[in-house]
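Below: the structure, in C-alpha cells.
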Amino acid sequence: MLEAAVENMNSFGRVAACGVMSEYTDSLRKGKLDMVQLIYKRIRIQGFLALDFMNIYHQFISTTTQYLQTCKIKAIEDIYYGVESIPMASVDIFRGNNIGKKIVRTRGANELSLAENLCSSSFVKYQCK
C-alpha cells in the first residue's frame, strides 16, 4: 500500500508511519519501495510510536471528543458480532484485514463504540450523516 501512496504523492510529501500489526507474523510480506521516487520527489517518511505523544494525550482526547460530537471527524469501526467471531476478528487483525478500530460485540452486551467511549464523559448524543 505504501508503494501506491508514494507513486501518487506530490513532491516534498510526508508519510507518518505507525502500526505494523499485520507484519509481525508475515515474514514474506515485505513491501518493495521504489527509492528512486522517494529521492526524486523528496518524500520524507518518519515512523512514530503512540507513546511518543503521551504528554499530549489529554489534549488529544478533548479535541477528538469535540470533533466527533460536531461530526468534523467520523470514527471508522470494523465490528464483528458474537463470541464465535472472536477467532476470525483476531486473525483478520494479524492479516491486516481491517479498517479502523476492531470491535467484537457480544449478544446482550452494553458496550460502547470507540466514538461513544470518547464522548461518554459528556453524555452528549450525536448523529453524523
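Here my numbering is used: the first residue of the sequence shown is 236, the next is one more, and so on.
Quick reminder that beta carbons are idealized off the backbone N, C-alpha and C, glycines included.
| Check | Outcome |
| --- | --- |
| DSSP-derived helix/strand/coil call for I328 | helix |
| Proximity to G282 [Cα-Cα], best of F295, G254, D269 | G254 |
| First and last residue of the uninterrupted beta strand (DSSP E) at I280 | 279-282 |
| Cβ separation of I314 and I338, assumed to be a contact under 8 Å, to the nearest whole Å | 5 Å |
| Under the three-state DSSP convention, the category A310 falls into | coil |
| Cβ-based neighbour list, N333, same chain, cut-off 7 Å, excluding 5 preceding and 5 following | D313, D327 |
| Residues sharing a beta bridge with I321, DSSP | DSSP, once it has assigned bridges, lists no residue as partnering I321. |
| Contact belief for L273 with V241 at Cβ below 8 Å, rounded distance in angstroms | 6 Å |
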